[in-house]
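Respectively, the protein sequence lines represent chains L and E. For the first sequence, the positions run 1 to 89 when full-length UniProt numbering is used. For the second sequence, the positions run 1 to 413 when full-length UniProt numbering is used. We treat Cβ as the ideally placed atom computed from N, Cα and C, and that holds for glycine. Right, one structure below, let's go through it.
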Amino acid sequence: MKFVTCPSLGRRALSEFTYGGRLEKEPDQESVSEKAWTDYVFYRNGAPQTLKEWWYHRPTGIWFLFERNTLTDRITRVEFANRGIENEA
Amino acid sequence: MPLRLLKYAWKKSEDEPRFFPDEKPLKKAYDVVIIGGGGHGMACAYYLAKEHGITNVAVLEQGYIGGGNTGRNTTIVRSNYLTSEGVKFYDESLKLFEDLSDDFDLNIFYSTRGHFTLAHTDSAMRTMRWRAEVNKHHGIDSEVVDVETIQKEVPYMDMSCNGQHPVMGALYHAPGSVARHDAVAWGYARGAQQRGVEIHQKTRVTDIKTKGGKVVGVETDRGFVEAKKVISMVAGSTPRITEMLEIETPIEIFPLQACVTEPVKPFMDTIVVSGSLHVYVSQSSRGELVMGASVDPAELHSTRSTLDFVEGLTDQMMDLFPFTSRLKIMRQWAGMSDITPDFAPIMGKTDVEGFYLDAGWGTWGFKATPISGKTMAYTVANDTPHELIKPFSLSRYTDFKLVGEKGAASVGH
């Protein structure tokens, strides 16, 4: 069983969380080019790296942002996603 | 036969020819370099040599033959897909599989079992009906069957699923089969080698060199190798290869785990899949239940196994086959699935001249081994995509021409 140390919640099983995908900047829909839109929707560098990801904690309904390495599976940073809109745009 | 057996008894082991001849030294230049010595890479090398007379070929494998995803799948072969593009492609593959044992003079243990995809909801039943109609349109043996028919074929299954999610019907695909995955890779590898192809194991490609937008060779941990054409057939390692050429793809890597139980008496001829329960199971010729579920929830470049997976899978298995609660899990492993957004592969030419891609095999790569090798060999030899793989080009995402195949994946994702 893998555990995550959360701010405020403490040590929690990773199985309590649902993966919400990579944190990515959505392009401005008014001015976006087709190329930039397909890049945002489909294309990404899938090679091993450290990513910022959305993770949802089901028991509390709180969204978190994890910094996780996709080669080692190490989570190096856990923070509240309470600035969700700010993070997204 | 007894005389042959007697002669064999007098032979010393060194008198027997080895299955694979000794590896030759790595040459300075090849016409074609194939990155990845799994089923697809070996099949491509085999068809390049056999059908196109291109034998100055090196297959470079960072590990050993068939040691990647080829040896980590659950060996199911079927063609009951959802899109016309998928159905045509996988059906050709199935036909090639049927003749492989003869082609190789090697038993690949190809065994036609019949394949049930269970539906537990109204929407799943609709997808089964849809798939059956598409399949029939292409002359493929697929039909929706009722609960009684399934129960007759698979008597040990609890059709009520412990009262949790009763089976409502299934898509039945008579040609659904299993095959010995290692033998497929070995057969292709031996066939390719006999025709002059070189296979270099423990040779890792570290970079791909280009000149004026054209491929000139690959850098390996054993030195530089010139190549006119380079094909990447590495499945789970695809993003690491495409990164070398700064080619962007929609591929993300997710581990796919599987496991086998201890061997038990033969009781199940058929392959049983439940997309809703994330379970697929067949009984191997040794009597083990070979089982898999859906991919792991988050991106990861790793073949580690987890307890979460076995707990989740066995929970569902016990609903379907209550007696399996008494069985022991013997082995568990994971492969790396290169998943695309539309659950169809990415095959063919790229923007870099001389660089070809065979990727995005996700959870459905083994069943495509023969046809992928054959169509990629054609594509490389003629420098033009084979008719069957035209819909799978990398540019389909930019053109918004996706091949939506998610409904036909064996597992929910």
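PRO250 of chain E is a Cβ neighbour of TYR397 of chain E, given a cutoff of 7 Å.
For THR83 of chain E, the nearest beta carbon of chain L is not closer than 7 Å to its own beta carbon. The criterion of a C-beta distance shorter than 7 Å is not satisfied by ARG113 of chain E and GLY163 of chain E. Using a Cβ distance threshold of 7 Å, ILE76 of chain E and VAL215 of chain E do not count as a contacting pair. In this structure, the CA atom of LEU9 of chain L is about 28 Å from the CA atom of LYS25 of chain L. Taken through DSSP and simplified to helix, strand or coil, GLN194 of chain E comes out as helix. Put simply, the CB of SER15 of chain L is near chain E, with a gap under 7 Å to one of its CB atoms. Looking from the CA of ASN135 of chain E, the closest CA among E:CYS259, E:ASN382, E:PHE89 belongs to E:PHE89. For the pair THR220 of chain E and PHE109 of chain E, the Cα-to-Cα distance works out to about 35 Å.
At a cut-off of 7 Å, the C-beta of PRO255 of chain E has no neighbouring C-beta in chain L. Bridge partners of ASP338 of chain E according to DSSP: E:ILE253. Judged by their CB atoms, MET125 of chain E and MET168 of chain E are nearer to each other than the 7 Å cut-off. Looking from the CA of VAL380 of chain E, the closest CA among E:LEU307, E:GLN151, E:GLY354 belongs to E:GLY354. DSSP places GLU98 of chain E in the uninterrupted alpha helix (DSSP H) bounded by 84–104. Annotation: the continuous beta strand (DSSP E) that includes ASN69 of chain L extends over 62–69. Residue-level contact by beta carbon fails for GLY20 of chain L and chain E, as no gap is shorter than 7 Å. CA-CA distance, LYS28 of chain E to TYR47 of chain E, rounds to 23 Å.
ALA9 of chain E sits in a helix when the DSSP states are folded into three classes. Here THR18 of chain L is near TYR56 of chain L, since their CB atoms are less than 7 Å apart.
Residues of the segment 334–361 of chain E whose Cβ lies closer than 7 Å to any Cβ of chain L, in chain order: PRO341. Pairing GLU299 of chain E with PHE343 of chain E gives a Cβ-Cβ distance that is not under 7 Å. In this structure, the beta-carbon distance from GLY365 of chain E to LEU82 of chain E does not fall below 7 Å.
Under a criterion of Cβ atoms nearer than 7 Å, the residues of chain L adjacent to ASP308 of chain E are, in order, SER15. When secondary structure is reduced to three states using DSSP, HIS120 of chain E falls in the coil class, being assigned neither helix nor strand. Of all residues in the segment 244–272 of chain E, those with a C-beta nearer than 8 Å to a C-beta of chain L are GLU248, THR249, PRO250, ILE251, GLU252, ILE253, reading in chain order.
Chain L has no Cβ within less than 7 Å of the Cβ of GLU219 of chain E. When rounded, the separation of the alpha-carbon atoms in LEU402 of chain E and GLY86 of chain E is 12 Å. Scanning the UniProt domain "Rhodanese" (2–76) of chain E from its first residue to its last, the whole beta strand (DSSP E) runs of 3-plus residues come out as 29–35, 57–60. By the 16-neighbour rule on beta-carbons within 10 angstroms, HIS138 of chain E is exposed. Of the candidates L:MET1, L:LYS52, L:GLU16, L:GLU16 places its Cα closest to the Cα of ARG58 of chain L.
Between the segment 368–383 of chain E and the segment 269–283 of chain E, the count of Cβ pairs shorter than 8 Å is below three; the stretches do not touch. For ALA377 of chain E, the uninterrupted alpha helix (DSSP H) segment begins and ends at 369–382.
Residues of chain E with a Cβ closer than 9 Å to the Cβ of ARG11 of chain L do not exist; the shortest Cβ-Cβ separation is about 17 Å. Nearest Cα to THR340 of chain E within the set E:LYS374, E:PRO17, E:ALA334, E:VAL295: E:VAL295. In the DSSP assignment, ILE140 of chain E falls outside any alpha helix (DSSP H), carrying neither H nor E. Within chain L, the residues whose beta carbon sits less than 7 Å from that of THR398 of chain E are THR38, listed in sequence order.
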